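Numbering (the working numbering), first residue to last: 1 to 658.
Let me begin by presenting the structure, written as structure tokens, before commenting on it.
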Amino acid sequence: MNENSKNKLPSFSQWRKLPRFLSFREKTTVLLLAILFLGSATFLYMNNTKVVPARGGSIAEGIVGSPRFLNPVYADANDADRDLVQLLFAGLMKYNDKGEIVPDLAEELRIEEGGKVYELTLREKLLWSDGKPFSVDDILFTVRTIQDPRYKSPIRANWIGVDVQKVSERVVRFQLNEPFAPFVERLTLKLIPEHIWGEISPENFALSVYNLKPIGMGPYRLREASREDRTGAIKEVALGINPRYHGQKPYIQSFTFRFFDSPENLKAAFDRGDLQGFTVSSLQNFKKGLFVRSQLHTFSLPRYFAVFFNLGTTISTEVRKEDMRSVFALTIDKQKLVADLLGEFGEPVNSPLGREGIFGVSGLEQETLSREAVVAIAARNGYEERDGRFVKVQTTGGFDMDLELGSKATTEVRKLQECLAKDKDVYPDGTASGIFGSLTKTAVIRFQEKYASEILTPNGLKAGTGKVGPSTRDVLNRVCFPESQIASPLKLTLHTIDEYPLKQTAELLRKQWEAAGITVDVKLQSSSDLERDTLKPRAYEALLFGEILGLIPDPFPFWHSSQKRDPGLNLSQYDNKNVDKLLEQARKEIDEEKRKELLQQAQDLIVEDIPALFLFDSEYVYVTNPTIKGINAGLIADPSQRFSSVEKWYINTARAWK
Numbered sequence: 001m002n003e004n005s006k007n008k009l010p011s012f013s014q015w016r017k018l019p020r021f022l023s024f025r026e027k028t029t030v031l032l033l034a035i036l037f038l039g040s041a042t043f044l045y046m047n048n049t050k051v052v053p054a055r056g057g058s059i060a061e062g063i064v065g066s067p068r069f070l071n072p073v074y075a076d077a078n079d080a081d082r083d084l085v086q087l088l089f090a091g092l093m094k095y096n097d098k099g100e101i102v103p104d105l106a107e108e109l110r111i112e113e114g115g116k117v118y119e120l121t122l123r124e125k126l127l128w129s130d131g132k133p134f135s136v137d138d139i140l141f142t143v144r145t146i147q148d149p150r151y152k153s154p155i156r157a158n159w160i161g162v163d164v165q166k167v168s169e170r171v172v173r174f175q176l177n178e179p180f181a182p183f184v185e186r187l188t189l190k191l192i193p194e195h196i197w198g199e200i201s202p203e204n205f206a207l208s209v210y211n212l213k214p215i216g217m218g219p220y221r222l223r224e225a226s227r228e229d230r231t232g233a234i235k236e237v238a239l240g241i242n243p244r245y246h247g248q249k250p251y252i253q254s255f256t257f258r259f260f261d262s263p264e265n266l267k268a269a270f271d272r273g274d275l276q277g278f279t280v281s282s283l284q285n286f287k288k289g290l291f292v293r294s295q296l297h298t299f300s301l302p303r304y305f306a307v308f309f310n311l312g313t314t315i316s317t318e319v320r321k322e323d324m325r326s327v328f329a330l331t332i333d334k335q336k337l338v339a340d341l342l343g344e345f346g347e348p349v350n351s352p353l354g355r356e357g358i359f360g361v362s363g364l365e366q367e368t369l370s371r372e373a374v375v376a377i378a379a380r381n382g383y384e385e386r387d388g389r390f391v392k393v394q395t396t397g398g399f400d401m402d403l404e405l406g407s408k409a410t411t412e413v414r415k416l417q418e419c420l421a422k423d424k425d426v427y428p429d430g431t432a433s434g435i436f437g438s439l440t441k442t443a444v445i446r447f448q449e450k451y452a453s454e455i456l457t458p459n460g461l462k463a464g465t466g467k468v469g470p471s472t473r474d475v476l477n478r479v480c481f482p483e484s485q486i487a488s489p490l491k492l493t494l495h496t497i498d499e500y501p502l503k504q505t506a507e508l509l510r511k512q513w514e515a516a517g518i519t520v521d522v523k524l525q526s527s528s529d530l531e532r533d534t535l536k537p538r539a540y541e542a543l544l545f546g547e548i549l550g551l552i553p554d555p556f557p558f559w560h561s562s563q564k565r566d567p568g569l570n571l572s573q574y575d576n577k578n579v580d581k582l583l584e585q586a587r588k589e590i591d592e593e594k595r596k597e598l599l600q601q602a603q604d605l606i607v608e609d610i611p612a613l614f615l616f617d618s619e620y621v622y623v624t625n626p627t628i629k630g631i632n633a634g635l636i637a638d639p640s641q642r643f644s645s646v647e648k649w650y651i652n653t654a655r656a657w658k
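Set out below in structure tokens:
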């Protein structure tokens, strides 16, 4: 036997023969030792490793609608476009999964001159998905394209008055005319490449093939877009990982978006297993168990829906009286409205800043009053309750003009004197001369003070004036001409868009108001008709509409008096100089805590004036297959931001050492 043979291990065939030489007890001992060894090894492995995401897998998502512009210059007008742009493009800043705005293509942000200058330093070696280098020139090109009215970008208003400058190859500066704290949110704008778009004229920009063949810097890039054979509409878009992405590469290898003409067809595709994700377009009657093999992710959005009362002079309306606005507000049960419309996916709102606490501002509880108290408020404004309805009793005959000392309308003055003479305590002289002298004035004062609750109190008066105005005429007509009385119902005309959830909300409001004794006329319009015929001329008594605030709230466009006329968004035509000052200060205040204090004060004043009936906000619900992990639901700026942390989503897993 040589030296090598002494150290040679037994062959496999020799090991197989080993059991022949072992007794039963020895075999049992070996088996137990093997089991113990494997168990110990497994225990040690499981306790010293953890499950981690692994690359691989794909997601097919369904969207109602079809993409038109995979281009950030135009994408804001279309939900499908916004979703895809979020995955295909990148901005200087981005939203993270906590709803915070953090650097993306930039590595550093500096705010200078009290918020008038925003200067950003770019990451190094950034590349577009086609391999071309990214530069500050691409930023300048994107912003200036949006600012140019020839391109007709829907987000142009966000960039008016912003001067963008190239400081160096890696530094860009944005100069504002005045401090604007929410500007950092504008820096999440997705950027486009100058080397692709620079030679395309404004006239051809919206027609370019690159609107559906995007070159971006997002976590994914376009692989393929297929069209319907008959209509030519995009039916499917396939995305794959962008190998040049500057951030953490996604775990999910590919996304496929399929486009549907109705929510019903989309739901059927999900139930068949053809899709792994989709957005719930209507929360009415939606239940958690409605979809098989599903997991719900509910996101909060900084928005709310409200009834905006028209306080301007464009129309004559009862809503211009604060007391009457309180009647409309106090006869709505928001909890019931939310339950009937949204179930568990909504929450009442009592503030122009939306849901309580969403921006660190203390919310306000809705005021509640008894039916008797509401009836008393209506009575102060000439409305009484008859058979459960609010009505104002008026006469078709009687007095229809103002009268005062020295009035020359002899016939009307004589009629007034005859009316007053019916009450000897009011007009003991009783002379009907047709001359409005001091005796008649004294009689009118006595009459006004006798019916003070109907004449003086609603007008903030403590003593009679002797002048026969509208309130005095109403009572005189009721007392002296009862045969010509008519009961006019308290009526509200409510305009809104003929779409979910506004149409359904308007109907639920109508039912509640009708049950409370208020007649409601709901006017449903298409969005284009509403904008042209109702919004622009402010031709509405009340408007049911939604407001989107952004993650850094700026209520200025919605409540500052300078925004009362179109294209301003002050839909109530609200005017409060104290609120104006607070909003002006808040949008300039860079210090977050100081800005919260200013917004708190503005909120409290707005709510006190009741320019609107704040109703509710609704959750954004995203449905996925349970196999998709890593989705962190929270506060997002808009539905496309559900992809803000898409690089953390995963399907496959592996074990790694702790």
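We put the beta carbon where it would ideally sit given N, CA and C, even for glycine.
Every value quoted in this text rests on a predicted model; they were computed, and no experiment measured them.
- At the C-beta level, Gly-312 and Gln-563 stay beyond 8 angstroms of one another.
- Looking at the DSSP output, Gln-641 bridges to nothing.
- Contact between Pro-553 and Pro-348 does not hold, since their C-beta atoms are separated by about 19 angstroms, which reaches or exceeds 8 angstroms.
- Within the model, the alpha-carbon separation for Leu-492 versus Ala-379 is close to 17 angstroms.
- Rounded to the nearest angstrom, the gap between the Cα atoms of Pro-352 and Asp-76 is 24 angstroms.
- Where Trp-657 is concerned, the enclosing beta strand (DSSP E) starts and stops at 652 to 657.
- Cβ-Cβ separation between Tyr-220 and Asn-242: approximately 6 angstroms, consistent with a contact (criterion under 8 angstroms).
- In this structure, Leu-615 lies near Phe-305, with their beta-carbon atoms less than 8 angstroms apart.
- The beta carbons of Trp-649 and Ile-631 sit closer together than 8 angstroms.
- Annotation for Met-46: the continuous alpha helix (DSSP H) segment containing it runs 24 to 47.
- Shortest Cα-Cα distance from Leu-109 to any of Gly-354, Leu-122, Lys-98, Arg-20 involves Leu-122.
- With a beta-carbon spacing of about 6 angstroms, Ala-269 and Gly-62 fall inside the 8 angstroms limit used to define contacts.
- One thing to note: Pro-53 has its Cβ no nearer than 8 angstroms to the Cβ of Thr-627.
- Leu-140 has its alpha-carbon roughly 12 angstroms from the corresponding atom of Glu-169.
- Here Ala-339 is exposed, its C-beta having fewer than 16 other C-beta atoms within 10 Å.
- In this structure, the CA atom of Asp-104 is about 59 angstroms from the CA atom of Asn-459.
- Around the beta carbon of Ala-443, 16 or more other beta carbons sit within 10 angstroms, so the residue counts as buried.
- Of all C-beta pairs linking the segment 44 to 52 to the segment 602 to 619, fewer than three are shorter than 8 angstroms, placing the two stretches out of contact.
- Only residues of its own chain outside the window of five on either side were considered, and among them Phe-308, Leu-543, Phe-545 have a CB closer than 7 angstroms to the CB of Leu-571, listed in chain order.
- Under the DSSP assignment, Lys-334 falls in the alpha helix (DSSP H) whose first and last residues are 334 to 342.
- Where Lys-235 is concerned, there is no enclosing alpha helix (DSSP H), although the beta strand (DSSP E) around it starts and stops at 234 to 241.
- Here DSSP, grouped into helix, strand and coil, assigns Ala-181 to coil.
- Distance from the CA atom of Ala-34 to the CA atom of Ile-252, rounded to whole angstroms, is 40 angstroms.
- For Gln-295, there is no enclosing alpha helix (DSSP H); the residue is found in the beta strand (DSSP E) stretching over 295 to 299.
- Judged by DSSP in its simplified three-state form, Gln-504 adopts helix.
- The segment 535 to 587 contains, as complete beta strand (DSSP E) runs of 3+ residues, the segments 542 to 548 (chain order).
- Residue range 163 to 166 is occupied by the beta strand (DSSP E) that includes Asp-163.
- If only uninterrupted beta strand (DSSP E) runs of at least 3 residues are considered, those enclosed by the segment 368 to 435 are 384 to 386, 389 to 395.
- For the set Asp-97, Leu-92, Phe-183, Leu-88, the Cα lying nearest the Cα of Glu-107 is the one of Leu-92.
- Rounded to whole angstroms, the separation of the alpha carbons of Arg-446 and Phe-345 is 58 angstroms.
- Linking Lys-190 to Thr-534 through their CA atoms gives a straight-line distance of about 33 angstroms.
- Its chain contains Leu-494, Ala-506, Arg-510 as the residues whose beta carbon lies nearer than 6 angstroms to that of Val-522, once the 5 sequence neighbours on both sides are disregarded; these appear in chain order.
- No Cβ-Cβ contact shorter than 8 angstroms links Leu-87 with Phe-558.
- For Ile-146, the enclosing alpha helix (DSSP H) stretches over residues 136 to 147.
- DSSP places Thr-442 within a helical segment (H, G or I) once states are collapsed to three.
- With a cut-off of 8 angstroms on Cβ pairs, the segment 324 to 333 is in contact with the segment 375 to 393, counting three or more such pairs.
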